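Visitor:
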Amino acid sequence: MKYDHLKIEAKWQKLWEEEKTFKAELDKTKEKVYVLDMFPYPSGSGLHVGHPLGYTATDIYSRFKRLQGFNVLHPMGWDAFGLPAEQYAIKTGTHPKITTKENIKNFKRQIQMLGFSYDWDREINTTDEKYYKWTQWIFLQLYNKGLAYEAEVPVNWCPELKAVLANEEVVDGKSEIGGHPVIRKPMRQWMFRITEYAESLLDGLDKLDWPESVKDLQRNWIGKSEGCEVNFNIKDIDSDITVYTTRPDTLFGASYIVLSPEHPLVGKIVSNEQKVEVENYIKLASTKSDFDRGEVNKNKTGVFLGTFAINPVNKAEIPIWIADYVLMSYGTGSIMAVPGHDERDYDFAKKFKLPIIEVVEGGNIEEAAFTSKTGKIINSSNNEGLNLNNIEVEDAIETAIQWLELKGLGKRTVQYKLKDWLFSRQRYWGEPIPIIHSDDGICPVDESDLPLTLPEVDKYEPSANGESPLANIDEWVNTDTGRRETNTMPQWAGSCWYFLRFIDPLNGTEPWTKEKEEYWMPVDLYIGGVEHAVLHLLYSRFWHHVLYDLGLVSTKEPFKKLFNQGMIQGEDGQKMSKSRGNVINPDDVVEQYGADSFRLYEMFMGPLDKSKPWNTKGLQGCYRFLQKVWNLFISKQDTINSGNANRDTLSILHKSIKKITNDLENLRFNTSVSELMILTNHLTTLEKLDRDVLHIFLKLLNPFAPHISEELNHMIGFEKISSSKWPKYDKKLILEDEVVLAVQINGKMRGTIQVEKEIKKDDVIAIIKENKNFKKYFIEMRIIREIYVPNKIINLVLK
RNA sequence: GCCGGUGUGGCGGAAUUGGUAGACGCGAUGGAUUCAAAAUCCAUUUCUCGCAAGGGAGUGGGGGUUCGAGCCCCUCCACCGGUACCA
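Per this note's numbering, the very first residue in the first sequence carries number 1; after that it's consecutive.
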């Protein structure tokens, strides 16, 4: 009988579907495990072999945990709002709903053919109004908590296309489509005050079982910086400038002030003589894209305002400039420039011939800014009680802040790089924001009126002034009480809370019930790509922190353990992409070799978190392995009986149970597969096979290759693996009577000896001295030191 | 520039976390089977000297700690990812 993977896989998949084998139900008598994949955006091109890598890993883990007796929640769904469907609609007029439906169908087919044990009764779709009703509901909870607000914010405006572009549609300052220039244009937007949660989000990271690199990325993104604000009076004008600095120790070295071109004070304090030049500069800066502004990095520009500020520590009059190297969006939008000890200020001062004052010892400011934080302060004292001279930088910072606070000239502050979250898009295919603008102001849609559904439109293009296509639908936009918000939510919205909906997906009256939330949350294992290290994972943590503060969820952090799967490259070692023509389609692989081989190979390729190239030969190796397993059972079918297990076999079997159990727990799938191969290789050497040994072997194989293992298990007459228990290893059976001991002479490997376990050191030495292979080393030599690690190694130092 | 990661045979990768480097798989070579091929099975396969028995070298380079280092420390190099005027 031949191994017919197509027939076997179809048979078991049908059975699992019919029997709802993997349905998860709340059962407080059992310990739960929530195993989650980052749900996909169902694109038109379908899956390539890289996508199911993480899904395979979570599936194996889920099956393993179920066999161990855990109550496992393992769901799948669709993050289906998004640009491609909308762009396709603009091009062809096909409603995104239709495109999305087709794509989901194809994705689901591909995912199901791999035999994943999802509870499909919990399938969700972010574009389903029954789902986005609750996305809108959560928006209102955030709004009511004062975390959502409107603001004029620059967007990527492409005058040529008359469209607002998403960041990912802008490449090097040009539109991705057509390569037209993109500028920053302020438009009314919805924002979330994620910055209010900066500290909370930073704090929460410490306790998470996440890759350190991802935590670091989030920490850098939040970008906490501790320093102080300092007030500078402006000469002859009744106004002052507040700057943010992390280096108040260098205040005596401040030789000019720089405001961002967008700073509100600029118009107020510019001198008449400089007015025209300043206005021109502001205009120039405003048309520059962020990209251009970044590019001028080395060549700094700026204009003198014609006004002076008074340095609070020494009453020096220092000029005030504007320059676009100072960003309005960080700190106070203004800085004190200390060219002696800051590279940017140094470049600027050199270019515009501004004074450079040395206040920290240790560098040579004739040549470069000295930015080190180790050194003593010099040239820094006044007669108002501040003397920083001879103090180390770190201490001087403290002293300076205390002095500023005492004199009321400044205060200690904390800054974050993190900015508020721009939460609106000028698009059709997204959740409508449930807000009505009336004469009385902003009015949230009543919760009982949710979902606020998307209207049908004829055209998916944005309106001429860049508003969303919804702005063109009068009957939708105009209501009795006012005009509807026409912006929709960004794609992040649906994925911010989908893991909560999975626990109670059909609930029509609440987003989830408290009882189920308390049982299933948090997610115990979350696997997905590193590309979501910051945005998705930060945004969903933000929502979850807010929901926690509102008492709607029981844990602050949603994802306990996070793991990033690596990329699968093409056979050429390059990134898999259509344009390179190196895409491997899982449909073909499954057709030819089967889902079991596919799953096994993806795991065998290497560590889950590493990138590695696809190799069809390697896949064939795994296929051969399964055939070997199949042939083992078929060819020796007549010998299979109870009581056939010998000591050797049991020892290897129990070693395998131990290793595979441990590896699965730690997501080391590649070495598990290797262990299965070792065990199989041993079994093929046997004359007679033991029925119980085979049964255990199949259980070990089952998470990786669920179809073939169930089939063979059925063949040798056991009840289904899916309703059996994971094996436990017996320590006593693993132990062998004899061990191979490595022998080193002077630290060099010189051979091995076979000895009985736990043998005494002196006996080992005696054996070595008598052994003909080692005898020669003892000629005219004496042992001066002996290092003995029982059952492992002995090292003799001779002289 | 800053932060993070990686570097082991021809290739993907193992190595109980300081104790026999190269498990397992791929590829390659030789053999068996076959009229022949595919498939399958057996053997060999880090490099190097040697007919052999045996040596020598070896985990990106250099240095160190140790009886012993792929693993720890210092330093340098290469590649990958993130980020970048954040004051």
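Even for Gly, the Cβ is constructed at its ideal location relative to N, Cα and C.
Just so we're clear, the structure is a prediction, and the values are computed from it rather than from any experiment.
Sorted by chain position, which residues of the same chain lie with C-beta nearer than 8 Å to Leu878's C-beta, five sequence neighbours on each side aside?
Guide: This structure does not reach residue 878, given that the chain is present from 1 up to 799, and the question cannot be answered.
Visitor: Do you know offhand how far Val35's Cα is from Leu525's?
Guide: So the alpha carbons of these two residues sit roughly 5 Å apart.
Visitor: Do Ser117 and Phe22 count as a contact pair if the criterion is CB distance below 8 Å?
Guide: In this structure, Ser117 lies closer than 8 Å to Phe22 by Cβ.
Visitor: How big is the Cα-Cα spacing for Glu665 and Val553?
Guide: Taking the straight line from one Cα to the other gives about 28 Å.
Visitor: Which one of Ala309, Glu196, Thr479, Val393 has the shortest CA to CA distance from Val414?
Guide: Here the closest residue by C-alpha is Glu196.
Visitor: Taking the alpha carbon of Ala254 as the point to measure from, which residue in Lys268, Asn272, Phe232, Lys514 has its own alpha carbon closest?
Guide: Of the candidates Lys268, Asn272, Phe232, Lys514, the one whose C-alpha sits nearest the C-alpha of Ala254 is Phe232.
Visitor: Note down, in chain order, each residue of its chain lying with its Cβ closer than 7 Å to the Cβ of Trp137, except the 5 sequence neighbours on either side.
Guide: Once the five neighbours on either side are set aside, the close Cβ partners of Trp137 are Glu447, Leu450, Pro511.
Visitor: Give me the Cα-Cα distance between Gln68 and Trp614, rounded to the nearest whole angstrom.
Guide: Approximately 32 Å between the Cα atoms of the pair.
Visitor: Could you check if Pro469 is buried or exposed, using at least 16 other CB atoms within 10 Å of its CB as the buried criterion?
Guide: By the 10 Å Cβ count, Pro469 comes out buried.
Visitor: Rounded to whole angstroms, what's the CA-CA distance from Val296 to Gly363? Just pull it up for me.
Guide: In this prediction, Val296 has a pLDDT of 47, which is less than 50 and means its spatial position is unreliable; what the coordinates show is noted afterwards. Near 27 Å, if we compare the C-alpha coordinates of Gly363 and Val296.
Visitor: Rounded to whole angstroms, what is the Cα-Cα separation between Val789 and Ile657?
Guide: Those two C-alpha atoms are separated by around 26 Å.
Visitor: Please say whether Glu9 and Gly594 have beta carbons closer to each other than 8 Å?
Guide: Yes; because the gap between Cβ atoms is below 8 Å, this pair is in contact.
Visitor: Please look up how many angstroms separate the CB atoms of Gln112 and Asp587, rounded, as I've assumed it's under 8 Å.
Guide: With a Cβ gap of about 12 Å, Gln112 and Asp587 do not count as contacting.
Visitor: Which of the three DSSP states, helix, strand or coil, is assigned to Pro607?
Guide: In the structure shown, Pro607 sits in coil (DSSP, three-state: anything other than H, G, I, E or B).
Visitor: Val296 by DSSP, collapsed to three states: which one?
Guide: With a pLDDT of 47 at Val296, under the threshold of 50, the modelled position of this residue cannot be trusted; read the value that follows with caution. Helix.
Visitor: Hey, could you find the ends of the beta strand (DSSP E) Asp524 is sitting in?
Guide: Element bounds for Asp524: 523-528.
Visitor: How close, in whole Å, do the beta carbons of Trp210 and Val534 come, if the pair is a contact with beta carbons under 8 Å?
Guide: Contact doesn't hold; Cβ gap of about 12 Å is too wide.
Visitor: Which residues does DSSP list as the beta-bridge partners of Ala148?
Guide: BP columns for Ala148 point to Phe192.
Visitor: Classify Ser642: buried if its beta carbon has 16 or more other beta carbons within 10 angstroms, exposed otherwise.
Guide: By the neighbour-count rule (16 or more Cβ atoms within 10 Å), Ser642 is not buried but exposed.
Visitor: Can you tell me the Cα-Cα spacing of Ile397 and Asn379, whole angstroms?
Guide: Looking at the two C-alpha atoms, the distance is approximately 15 Å.
Visitor: So Leu632 and Thr680 are in contact, right, with Cβ under 8 Å, and what is the actual spacing, rounded?
Guide: Confirmed, Cβ separation roughly 7 Å.
Visitor: Quick check: His803 and Asn585, are their CB atoms within less than 8 Å of each other?
Guide: The structure shown has nothing for residue 803, since the chain only spans 1 to 799.
Visitor: Just the C-alpha distance for Val583 and Arg599, rounded to the nearest angstrom, thanks.
Guide: The straight-line gap from Cα to Cα measures roughly 17 Å.
Visitor: Between which two residues does the beta strand (DSSP E) holding Val755 run?
Guide: Element bounds for Val755: 748-756.
Visitor: So for Leu406, helix, strand or coil by DSSP?
Guide: In this structure, Leu406 counts as helix in the three-state DSSP scheme.
Visitor: Helix, strand or coil: how does DSSP classify Gly594 here?
Guide: DSSP places Gly594 in coil when its eight states are reduced to three.
Visitor: For a test of the three-state rule: what should DSSP assign to Gln415, helix, strand or coil?
Guide: Three-state DSSP puts Gln415 in a strand.
Visitor: Could you say which of Phe697, Lys610, Lys268, Pro96 lies nearest to Arg668 if we only look at CA atoms?
Guide: Of the candidates Phe697, Lys610, Lys268, Pro96, the one whose C-alpha sits nearest the C-alpha of Arg668 is Lys610.
Visitor: Counting only the same chain and skipping the five closest in sequence on each side, list residues whose C-beta sits under 6 Å from that of Phe559.
Guide: Cβ neighbours of Phe559 beyond the five flanking positions: Val523, Tyr526.
Visitor: Measuring straight from C-alpha to C-alpha, what distance separates Ala703 and Arg66?
Guide: The residue you asked about is not Ala; residue 703 is Pro in the sequence shown. Cα to Cα, Pro703 sits roughly 10 Å from Arg66.
Visitor: How would you label Glu738, buried or exposed, when you count the other beta carbons within 10 angstroms and need 16 or more for buried?
Guide: Exposed is the call here.
Visitor: With a 10 Å radius around its C-beta and 16 neighbouring C-beta atoms as the bar for buried, classify Gly717 as buried or exposed.
Guide: So Gly717 counts as exposed.
Visitor: Assign Asp342 to one of three DSSP states: helix, strand, or coil.
Guide: Looking at Asp342 - three-state DSSP - the assignment turns out to be coil, as it is neither helix nor strand.
Visitor: Identify every run of the beta strand (DSSP E) within the stretch 252-319, keeping only runs that are complete inside it and at least 3 residues long; order them along the chain.
Guide: Runs found: 256-259, 303-310.
Visitor: Assuming Ser225 and Gly333 form a contact by the criterion Cβ under 8 Å, report the distance between their Cβ atoms to the nearest whole angstrom.
Guide: 15 Å between Cβ atoms; not a contact.
Visitor: Note the first and the last residue of the continuous alpha helix (DSSP H) segment covering Phe482.
Guide: Contrary to the premise, residue 482 reads as Gly rather than Phe in this sequence. Per DSSP, Gly482 belongs to no alpha helix (DSSP H) and is neither H nor E.
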